[in-house]
Every structure is written in C-alpha cells, then in structure tokens.
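Worksheet: the structure to be examined is printed underneath.
Chains as they are written, first to last, in this note's numbering: chain A, 322 to 615; chain B, 404 to 745.
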C-alpha cells in the first residue's frame, strides 16, 4: 500500500483525550493480512491497528497521555521527531507513536538499534508495528522519498539505562547523526519533551555482569519488579501521568542531499535541540504537582 | 560498423540467452561465445569457441575476433553446484584472464559487462533495508562464493581504473527466479517443506529471468560505468512466499537451523548454501534507481509476480499468454527444451 493510501486507513474520530466509543473504527477485515499489507519496512497497517487497539486503554486510562502543541507536527511531508528516552523498557516510543497515529492519522516509523532485528519473534513483531533499524539510508529514504514521520531517540540506550536518581537528565545526543539525516533529507526536526516515562519503569540498579554474560545492553532491576514481583514487574508499568510537549519545529538553512555537512554546525544544532528539550522538561517538572496525577 | 560482442559462459543459461537476444539485434554484427561445453540453446549466427574454465586462450580470441564488447556472464553464484576450488578457478582466475586479455596492448575492447551478484553486499542485522550500489558491506565475507565475488569486484575496479577508455559495467543480480532456471532457492521451494528460521520473516528479493536478461541486454546496448543493481521490483516476505507456495514451512530455532538443513542435505535433500542461510535470517533488498535512471531499464516484474509465476510453473499451471509474460522483442526458447543450470 503506497503511503498516501495508507494514510487514509488510519481512522481518527477524535482529538479529545477522552475515551470514545470505537465501534465505528472496525478495521476492514483483510483476506490474509500477512499476504497483503506488509510494506517494505515490515510495517503492517493491520498489525498496527491491532497494536493500537491493545495499547489504547494503556494510553488513555493508564498513562492518561496529554499532549501540548500537537498542531506543530506537520500533517504532511517528512519530519524527524526527536524525543528524550527513558524507562527500562521504554514506554515513550509506543505512547508517541500511538498518540500521533490516533490524533493525526499519520503513521510513525520508530527508529531503533539493530539489536531488535536479531531477536526471533520480537524483531518481526517490532517491525510489523512500525520499527525500523536505525540506519542512515533507511531514515533518509523514509524522510526524503516517502515523506513519512520518523521518530528517533538520539540518547539511545544511554537514556533508557539511567538509574532513577538521574531521571530527566538528558544524555549526550549521540554523534549528531539525526541532525545530519534531517539536513540531508531536507526535513524539519520536531523536538518532543516527554514527562512520565521516567517514572513508568524506573531502574533502581543494574547488573552489569549479567548483561555482559547475556550480551544485552543492560539488565535492570526496576522498582516495578520490587512492587509487582519479578515476573509481572518486568512488563507492567507504573501508571505515571504522561505529558508530552511538542516544541517548535527546527528547519535548517542548508541544501539537502550534500554528501557531508559541517561537523561544527551539526554538533551545535544537536546540542541546541538537546538543550531545548532539557529546558522544556525542567519547566514541565516545575509545574508538575504529582507523578501520578500530573 | 556493428558491434562485435564476446559472451562468456555460452553453455550456461545466461550466456546462451544473451547470445540469443543479441542475435536479434541488427546493430550487433558479430557474436562469439566461449564455454567449456556446447551451447544448449539454438543459436543461428553465434560462433562458439571451446575454452577451458579459466579462459587461458581468451587473449588470442580477443585479438583474432577484434571484439569491442565482452559480456562476462560466467560467474558462479551458487556454491552448492561445485567445489570451492573449481569456483575459485572460474570466478577469480577466469575474470583475471578476461581482464588481462581485455587490457592487452592493441586490444579493441571498449565495453565490459560483468554479471555479478548482490551476494557481495552480504546480509547482516546492521544492513540498511535497501542497498544502493555505494552501500558498504557491514559484515566480513562469510562464504567462499562471497569471497570470490568480492575478489572479482576488486579486479573490476582495478581494471576500470587502469583503463579509463573502457566502459566497465558491473551488474549485481539478485537471486534469480524463473521457470527455466534452477537456483538454490528454487530447489528449496520445490521441497515438500520449506525450511525457515523460527521468529524471522526476512524480506527477499528476486530477479525474474526475463528481467535479468533484458537488463543484461540493456546494459550491453547502453554502457554505463560502475556497479548497477539488477532485480525485479520490490521485495517479498518469506512468510508470504511460503503461503503462496501452499507448502508448510518448517521453522527451526536459529541455533539449530544450519545443522538441520545440513542433515537434510545428507539424506538427499538439496543443499542450502551458507549465504542463503544467512539470507533467511536478515533478508536483503537492493535499490533500483541506477538501473532505471542510467541504464534506462525498468523491470517489468515485481518480486511478488516473479514468485507467483515461478510457483505456478512448478505446479504445472500455464501462465496465460501475455498476462505477465514477456511482450517485448525477447522471446524465450522452446519450453520443452532442457536448459541446464549454470
């Protein structure tokens, strides 16, 4: 399904953040979903719809996600969404993707490390619901040629592996690769500050020895495990109140499709975006009364 | 004066078909075909020259026939059909001799078209979804066939650099699929069960034999410099392909897959090449922008159509005339004819 048609399949009925009857949103049954709608990235709108239905109660009732400035996200054309990253199993990615897809009716592709691609079942499911290996050519193609929304967390696992004591302190934004891709693709960057993910699955401490033995980026012991027990606690989030603030889009006054961009400009822009998100977070935190009720 | 073309591997599927197609081009004056074995397709005006597998006599032939174009179709990409030693002789030494002949003093060669394979990109978790011709390999070469093809590409680059007056086109073919050609994958699809790796649904890409042949002819007629990917459009997930084949997939855990397939080979099932085992995990797709923009050839099949037609053919279904089959000037040989695999 070409992106333009796919867009119309994502049905939105509401912009209000209250639960609405969803009877009118029956997805059209596909004769054989796996034979028909998996796109070149492995995303399936049908699977995405199922994922949205499963996640919707979580989004609306558990996290009670609330957006500010959603209108700043372009309704057409490519854009790179950049957000802060947190929680042992990041809860921010599904919340952002779900929010934009239901509120704006645009698919969002989430970039993540290639480690996903190596996992049986998980890797396949992850790509079905919009995950794409974070690779410059992939991002460029999605942004420039297919004019899609692409979500990236420049902190990577440095963000999600933070202990609770370091919450809302943004890590280094990689090597600025996301800025370079946006420049090359000629699309704006839309920064998003996410509050709530840090408290949804906070890490108390980590087991570096175990992580090394298992070949995983980190193995956390979370507060959830202590409260809900080791099994349930490793998958169940705390009902932290989510607030998401979309900041002003940033466009770059450079020509697209250059083989290389000035390193200093890339790093300055990258650091500038990091600071904007960090400042917005401090402000949101100052205004927050309660972790659970916002 | 018309074009004078030398085709290597005349006895193989590609060499024979390219020679047939060139015979219908009025601008091609002379076609010389080289191989160890007699060509198996019907040829009218192609001159067949017997050679050994690594073309030690090539430089004399180039001199005698004064060809301006060499089409090197005889590169082995299926490692299951021969020992890696023979493959090395054919791919590496053969190509070396071919370039030695083409760059000999007084050589009349101005165009060289080499049919390589997308195997040179490898297949790993760090790869992009689509490989462009410039995408570097992210993993080291794992198998002898990949190593030999990378060595060939090295010769191609060196030759192109040393001989700027010669146009060298390097066509990187995806896995071929078509009713008339046997490849590692087509034999896997003919098994009663299709082996797969549990939890992975790789995106595979194929080139229909007609697209492959037309791309070769287009590259001969319109020489471009450098590497060009050749494939039918789009990709297909393995799951979807297995469903279309109406055969059960047998998923093996990743750790057991290699062993299980090798055990199958020992009891008489077809061998799967090592590179293909990796492909069943991570898949591979190539970008076709250069093929369209520079060679000026847009494949007529999608990968899905190529698979559908192939599956129909092995089930003995007849493809309706003109439905998705060839409509251009190229007609395929009599289907009753036996065409050995390259």
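Note that CB positions come from ideal geometry on N, CA and C, so glycine has one too. Source: prediction; values computed, not measured.
{"Check": "List, in chain order, every chain A residue whose beta-carbon is nearer than 7 Å to that of residue 604 of chain B.", "Outcome": "445"}
{"Check": "Quick check on residue 724 of chain B - is its C-beta less than 7 Å from some C-beta in chain A?", "Outcome": "In this predicted model, residue 724 of chain B has a pLDDT of only 45, less than 50, meaning its place in the structure is not dependable; the value taken from the coordinates is given anyway. With 7 Å as the cut-off, residue 724 of chain B does not count as an interface residue toward chain A."}
{"Check": "If distances are taken between C-alpha atoms only, which option among A:568, A:525, A:567, A:562 comes closest to residue 555 of chain A?", "Outcome": "A:525"}
{"Check": "For residue 540 of chain A, which residues from the same chain have a beta carbon less than 7 Å from its beta carbon, with the 5 sequence-adjacent residues on both sides left out?", "Outcome": "527, 528, 531, 532"}
{"Check": "What does residue 456 of chain A reach in chain B if we use C-beta pairs closer than 8 Å?", "Outcome": "529, 530, 531, 532"}
{"Check": "With distances taken between CB atoms, is the gap from residue 602 of chain A to residue 514 of chain A smaller than 7 Å?", "Outcome": "yes"}
{"Check": "Give every residue of the same chain whose Cβ lies closer than 7 Å to the Cβ of residue 406 of chain B, excluding the five residues on either side of it in the sequence, and list them in chain order.", "Outcome": "430, 431, 432, 471, 472"}
{"Check": "Which first and last residues belong to the beta strand (DSSP E) in which residue 613 of chain A is found?", "Outcome": "Run containing residue 613 of chain A: none; DSSP gives neither H nor E here."}
{"Check": "Tell me the DSSP secondary structure of residue 463 of chain B in three-state form.", "Outcome": "helix"}
{"Check": "Is there a C-beta anywhere in chain A that falls below 7 Å from the one on residue 601 of chain B?", "Outcome": "yes"}
{"Check": "Please name the residue or residues paired with residue 541 of chain A in a DSSP beta bridge.", "Outcome": "A:527"}
{"Check": "Leaving out five residues on either side along the sequence, give the residues of the same chain with a beta carbon under 6 Å from the beta carbon of residue 744 of chain B.", "Outcome": "With a pLDDT of 41 at residue 744 of chain B, under the threshold of 50, the modelled position of this residue cannot be trusted; read the value that follows with caution. Within the same chain, residue 744 of chain B has close Cβ partners 585."}
{"Check": "Rounded to the nearest angstrom, what separates residue 472 of chain A and residue 570 of chain A at their Cα positions?", "Outcome": "14 Å"}
{"Check": "Does residue 529 of chain A come within less than 7 Å of chain B when only Cβ atoms are used?", "Outcome": "no"}
{"Check": "Taking DSSP's pairing of strands, which residues face residue 574 of chain B in a bridge?", "Outcome": "B:518, B:631"}
{"Check": "Looking at C-alpha atoms only, which residue of B:446, B:640, B:544, B:605 is the closest neighbour of residue 802 of chain B?", "Outcome": "In the structure as shown, chain B begins at 404 and stops at 745. Residue 802 of chain B is therefore absent and cannot be evaluated."}
{"Check": "Please confirm if residue 640 of chain B has its CB atom under 7 Å from at least one CB of chain A.", "Outcome": "yes"}
{"Check": "Quick one: measure Cβ to Cβ for residue 431 of chain A and residue 418 of chain A, integer angstroms, because I've assumed they're closer than 8 Å.", "Outcome": "6 Å"}
{"Check": "Measuring alpha carbon to alpha carbon, tell me which of A:592, A:360, A:466 ends up nearest residue 448 of chain A.", "Outcome": "A:360"}
{"Check": "Please classify residue 574 of chain A: is it buried, with 16 or more other beta-carbons within 10 angstroms of its beta-carbon, or exposed?", "Outcome": "exposed"}
{"Check": "Would residue 582 of chain B pass as a contact of residue 653 of chain B if the rule is Cβ separation under 7 Å?", "Outcome": "no"}
{"Check": "Apart from the five residues just before and just after residue 350 of chain A, which ones in its own chain have a Cβ nearer than 6 Å to its Cβ?", "Outcome": "At residue 350 of chain A the pLDDT is 47, less than 50, meaning the model places this residue with poor confidence and gives no usable figure here."}
{"Check": "If you reduce the DSSP assignment to three classes, tell me which class residue 354 of chain A lands in.", "Outcome": "No answer about residue 354 of chain A holds up, because its pLDDT of 44 lies below 50 and its placement is not dependable."}
{"Check": "In whole angstroms, what separates the C-alpha of residue 544 of chain B from that of residue 524 of chain B?", "Outcome": "9 Å"}
{"Check": "If we count Cβ pairs, one from each stretch, closer than 8 Å, do we get three or more for the segment 577–588 of chain A versus the segment 408–426 of chain A?", "Outcome": "no"}
{"Check": "Confirm, please, whether the CB-CB distance from residue 610 of chain B to residue 635 of chain B is below 7 Å.", "Outcome": "yes"}
{"Check": "List the endpoints of the continuous beta strand (DSSP E) containing residue 564 of chain A.", "Outcome": "564–567"}
{"Check": "Could you name the residues that DSSP lists as bridge partners for residue 609 of chain B?", "Outcome": "B:578"}
{"Check": "When the Cβ atoms of the segment 361–379 of chain A are set against those of the segment 413–429 of chain A, are three or more pairs found closer than 8 Å?", "Outcome": "yes"}
{"Check": "For a cutoff of 7 Å on Cβ pairs, would you count residue 430 of chain A as touching chain B?", "Outcome": "no"}
{"Check": "Between the C-alpha atoms of residue 724 of chain B and residue 703 of chain B, what's the straight-line distance to the nearest angstrom?", "Outcome": "Below a pLDDT of 50, predicted positions are generally treated as unreliable, and residue 724 of chain B, at 45, falls in that range; the measurement from the model is reported next regardless. If I take the Cα positions, the gap works out to 15 Å."}
{"Check": "What does residue 620 of chain A touch in chain B if you count any residue whose Cβ is under 7 Å from its own?", "Outcome": "Because chain A here runs from 322 to 615, residue 620 of chain A falls outside it and cannot be looked at."}
{"Check": "Which of the residues in the segment 382–411 of chain A, read from start to end, lie with their CB under 7 Å from any CB of chain B?", "Outcome": "none"}
{"Check": "Could you name the residues that DSSP lists as bridge partners for residue 513 of chain A?", "Outcome": "A:404, A:567"}
{"Check": "In the structure shown, what three-state DSSP assignment does residue 386 of chain A receive?", "Outcome": "coil"}
{"Check": "Pull out every residue of the segment 674–704 of chain B whose Cβ sits closer than 8 Å to any Cβ of chain A, in chain order.", "Outcome": "685, 688"}
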